[in-house]
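Residue numbers (UniProt numbering): 1 to 377. Ideal placement from N, C-alpha and C gives every residue a C-beta, glycine not left out. Computed from a predicted structure; not experimentally measured.
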Ligand SMILES: *Cc1c(COP(=O)(O)O)cnc(C)c1O
């Protein structure tokens with residue numbers, strides 16, 4: 001938690017549940033990433049947190065943006081981004097969205113299938129397109145490889161065809177999975193892209209860009225490698241596979257830029273041992289749950305760290321659940337959380353590193369619970 005957030009919580013005591021984001025911290029992460037990868041162009045993955053305060057700060061810093069929908073493109077433009085700073089990075093786009101993006105001046109689009117390529121050729125003629133490859137997502141807490149990306153052979157074929165369809169085949173992309181804690185995942189993916197660059201060059205097509213996607217991790221309960229280690233591994237792999245002929249490099253960080261900048265402040269609604277015996281598991285119910293924004297606790301994939309006023313006192317293994325009447329609204333049950341035994345109804349607890357993939361994951365009012373309040377400071 002940043003000192004600014006700690007002060008805000010102490011002084012303002014905002015109503016819970018709420019998310020507080022320190023926008024200065026987003027800026028410091030942006031600078032750290034740029035230092036770790038000096039020649040990479042940063043395209044912020046807007047879906048991680050599309051708050052205008054964040055988008056405006058990143059526009060001021062000269063960031064570009066990876067948008068997943070026409071709504072996100074509009075949000076970037078409203079925040080002051082130029083259409084040339086925006087990549088339409090979802091491989092699944094409605095025709096009406098492609099058209100509107102094209103009319104507004106966006107000229108960089110992704111695809112991973114034949115039909116999407118045909119849609120781009122028809123509705124965004126002449127634009128730059130890049131193909132997403134499927135790569136291993138091992139080491140990632142939140143994998144993406146089942147849904148997106150195609151094979152090297154298919155990408156080869158589609159990129160050659162893109163030229164004949166009047167598009168500019170521009171590059172290749174991948175995503176090693178979100179909260180990727182293994183630098184080797186990037187090295188393996190870069191090797192794959194490097195070979196395809198060479199093969200396409202032999203076939204007469206010189207690609208210009210490699211998009212390394214996002215995935216850079218933040219600290220939840222476990223330590224993760226520093227961003228400099230990712231920078232070193234990526235730099236080494238790029239030199240190994242491309243030599244002096246380095247293509248333009250893009251990165252699309254989402255979680256890394258905003259995750260650690262945010263804290264959720266919540267309240268304990270109930271502490272219970274259903275069954276009443278000491279041997280029964282202890283449950284803590286909070287006023288935020290799976291539907292209030294903590295969707296990444298699905299499968300207990302993302303393991304948030306808790307802070308309470310009783311930290312340092314004796315703890316016990318605890319099941320943590322949300323306030324709704326839905327049976328899946330349980331955050332941690334298989335892997336219980338060590339929480340102070342002194343916790344009682346009405347206590348405040350903080351969930352750290354919740355700046356990414358929380359605010360917009362929240363339901364619009366399931367069970368009568370209001371959407372998560374947000375404060376950008
Ligand atoms: C979600 C997403 C990202 C951001 O991933 P993080 O793991 O949050 O860095 C980047 N690129 C694409 C295409 C995405 O879908």
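- Nearest-angstrom Cα distance between residue 181 and residue 52? 29 angstroms
Please state whether the Cβ-Cβ distance between residue 128 and residue 168 is less than 7 angstroms. yes
Q.
Considering only DSSP beta bridges, list what residue 352 is partnered with.
A. 263 and 305
Review point. Apart from the five residues just before and just after residue 80, which ones in its own chain have a Cβ nearer than 6 angstroms to its Cβ?
Key: 59
* To do: Give the straight-line distance between the Cα atoms of residue 320 and residue 362, rounded to the nearest whole angstrom.
  => 18 angstroms
From the DSSP output, in three-state form, read off residue 1 for me.
coil
Note to self: Does residue 93 come out as helix, strand or coil in the three-state DSSP assignment?
What the structure shows: coil
| said: Between residue 112 and residue 91, how many whole angstroms is the CB-CB distance? I'm expecting something under 8 angstroms. | reply: 4 angstroms
Handout entry: Inter-residue spacing [alpha-carbon to alpha-carbon] between residue 150 and residue 160
Key = 15 angstroms
- prompt: Per the contact definition of three or more C-beta pairs closer than 8 angstroms, is the stretch 247-261 in contact with the stretch 31-41?
  reply: yes
*asked:* Checking the sheet assignment: what are the DSSP bridge partners for residue 268?
replied: 286
Exposure label - residue 125; buried when at least 16 CB within 10 Å
exposed
*Report the option in 232, 194, 268 and 215 whose CA atom is closest to the CA atom of residue 243.*
194
- residue 357 vs residue 296 beta-carbon contact at 7 angstroms: yes
Just curious, the alpha helix (DSSP H) that residue 233 is in, first and last residue?
227-242
- request: Grab the span of the alpha helix (DSSP H) containing residue 317 for me, first residue to last.
  value: Segment 315-321 is the beta strand (DSSP E) holding residue 317; no alpha helix (DSSP H) there.
Margin query: Any heavy atom of ligand 1 inside 6 angstroms of the beta-carbon of residue 25?
Written below: no
Q | Neighbourhood of residue 148 by C-beta distance below 8 angstroms, restricted to the same chain and skipping five residues each side | A | 91, 112, 132, 134 and 175
ask   = Just to confirm, does residue 355 get its C-beta within under 6 angstroms of one of the non-hydrogen atoms of ligand 1?
value = no
Exercise for review: Assign residue 110 to buried or exposed, taking buried as 16 or more other Cβ atoms, counted over all protein chains shown, within 10 Å of its Cβ.
Suggested key: buried
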